[in-house]
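These notes concern the structure reproduced below.
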Amino acid sequence: MLALDSLVTDLIFDARGQLDPQTLADAFGGPEALKTKKVFNPDQHDPRLEMELSPSVPFRRRGEARLMFIDDSVAPMRADPRTDPVVPLDLRAAKEELIALCEQLPVRLGRIFALGSWGDAVLVAKSARDLRAIALIGWALDPTIDADGRQSASQLSKSQFEAKIMAYEKRLEELDDEEILAGLSGVTMERRGELIIVDVLEPDGTWDQRKSMLLEHQLSAIERFSLIPGAPSSKKLVTPAAPGGNGKAAAPGKPAAPAAEPAKAPEPAPAPVPSGPPLTYAELGGAVLLVFPAERFDLDVAAALGKRDWDSIVRRTDNIPGQLRDRMHKDGAAWVAPLEFLSEVFVEGKPLSKPAFEQGARALGGAGARALDVHFPRFGPAVLLEVPGKGRFVTSALDHAAEVAELLTK
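Quick note on the working numbering: the sequence shown kicks off at 6 and runs consecutively.
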């Protein structure tokens, strides 16, 4: 059984390299040291389990093995992973161990993260393109973000989603390594030999997962997508002025051409109006409950909720008073959102099916509502609600499911 909020050292191996078990054990400090970790090979299990734990498609290519080394000796690492974004452990030794593994083994990408949470504490690769590729998985697998990185009002059609997956590799051609690394700010980046190491650890080795969201945003650079997938991103080139005044030297015996007037900067485009209806709220057990419309909820929002990144979730146009926003930043908030498919949540590591829901759901009050404890990807433990006449919902209010169901019936 894999314990959530365990520390994971994740290695994706180059298909061209030979993975020798003895070399692997030696890299960890010997067979006895390796025994202190659980070794999870996702290729020996149902692919849906990897998609729930930590997807590697479309990043991982055919023939590339993947092993996850799970240290659950201190799991959970936080008192409550749902509300505390800071892992209070010193992960500097784990970082050095990962770097040593990548130096000794044919590793294409190595990283450190917490099982059940989105975001990486440390990333190690031999190319910045691979760093960007792993950061773009969230975009590639989100059914509500289109091929150009824009939020869609509804889920993408099958053909649109397939077109986006096809564009994944092309998007990686748009920025070179120098451009990708130049976009990093507020994180730590270093080179050791052929390795590029990026991390978001604090000086004392602790890990604030909110910085992982910043790292993913900077590496993915979705805002720099080209209009045509695969076309090189435009660069601002400055040509030094030559004596001729127009960037070219004047020909001998000819007067220099007059300097051209500098082009006027284009007028800035008006800021786009956020799509989707506003959030609403309710008071629940003395806490704030955010009520999401379907158009405003996806896996990225779920990840932000798990990190309590309220600034990226709540807009100025939402019906949330300033005093409540202050309370959210101080005490947190619960949330509830519509759920379209049962398979979007997991029970015992498997996507939920209708028979499994019918078998495990419990009754809530006398209005016919039912509930089931589930795991919501990129967030964590949640409760699935089925409310007659209203549909299905998922909520983080684990101890107030009946009250949430009653609220939804109004």
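Backbone N, C-alpha and C fix where the C-beta goes; we use that ideal spot for every residue, glycine too.
Under 8 Å between C-beta atoms of residue i and residue j
i      : j      : result
Val205 : Trp212 : yes
Asp10  : Pro90  : no
Val79  : Leu103 : no
Ile17  : Lys43  : no
Leu39  : Pro47  : no
Leu106 : Arg116 : no
Gln214 : Gly124 : yes
Ala130 : Leu12  : no
Gln156 : Ala32  : no
Val392 : Val352 : no
Ala368 : Leu377 : no
Val293 : Arg332 : yes
Pro86  : Ser59  : no
Ile201 : Ala133 : yes
Leu96  : Phe45  : no
Ser238 : Glu183 : no
Ala3   : Arg66  : Past the edges of the chain, shown from 6 to 415, lies residue 3, and the structure says nothing about it.
Arg301 : Trp315 : no
Ala410 : Leu390 : yes
His405 : Gly311 : no
Asn5   : Pro283 : In the structure as shown, the chain begins at 6 and stops at 415. Residue 5 is therefore absent and cannot be evaluated.
Gly373 : Ala407 : no
Gln165 : Asp153 : no
Val192 : Lys216 : yes
Residue i at chain B interface by Cβ criterion, 8 Å
i      : result
Leu128 : Looking at the structure shown, chain B is missing, and only one protein chain is on hand.
Residue span of the beta strand (DSSP E) that contains residue i, given as start and end
i      : result
Thr414 : Unbroken run through Thr414 is the alpha helix (DSSP H), 406-414; no beta strand (DSSP E).
Gly365 : Here Gly365 belongs to no beta strand (DSSP E); instead the alpha helix (DSSP H) covers 359-365.
Asp48  : Asp48 -> no beta strand (DSSP E), and no H or E assigned at all.
Ala130 : 127-130
For residue i, the residue or residues it bridges with in DSSP
i      : result
Ala288 : Correcting the residue identity first, residue 288 is Glu in this sequence and not Ala. DSSP output for Glu288 lists Val293 as bridge partner(s).
Ile318 : In the DSSP output, where bridge partners are listed per residue, Ile318 has none listed.
Leu16  : Leu72, Gly115
Val399 : Ala342, Leu389
Where the alpha helix (DSSP H) through residue i begins and ends
i      : result
Ile139 : 133-140
Asp31  : 26-32
Asp305 : 304-311
Glu5   : Missing from the structure shown is residue 5; the chain here goes from 6 to 415 and no further.
* Asked: At which residue ranges does the stretch 143-221 contain complete beta strand (DSSP E) runs of 3 or more residues, listed in the order of the chain?
  -> Here the runs fully enclosed are 193-197, 200-204.
* Report yes or no: do three or more beta-carbon pairs, one from the stretch 392-404 and one from the stretch 340-355, lie closer than 8 Å? => yes
* Asked: Between the stretch 171-191 and the stretch 125-140, do three or more beta carbon pairs fall short of 8 Å?
  -> yes
* Taking 8 Å as the threshold, find out whether the stretch 142-161 comes into contact with the stretch 222-235 through three or more Cβ pairs. => yes
* Continuous beta strand (DSSP E) assignments of at least 3 residues falling wholly in the stretch 51-115 -> With a minimum length of 3 residues, the continuous beta strand (DSSP E) runs that stay inside the stretch 51-115 are 71-76.
* Segment contact flag, the stretch 384-393 with the stretch 307-318, C-beta cutoff 8 Å, min 3 pairs -> As far as the Cβ criterion goes, the stretch 384-393 touches the stretch 307-318, which means the pair count is three or higher.
* Asked: Taking only runs of the alpha helix (DSSP H) that begin and end inside the stretch 328-397, which ones reach a length of at least 4 residues, in chain order?
  -> Restricting attention to alpha helix (DSSP H) runs no shorter than 4 residues, the stretch 328-397 encloses them at 359-365, ordered along the chain.
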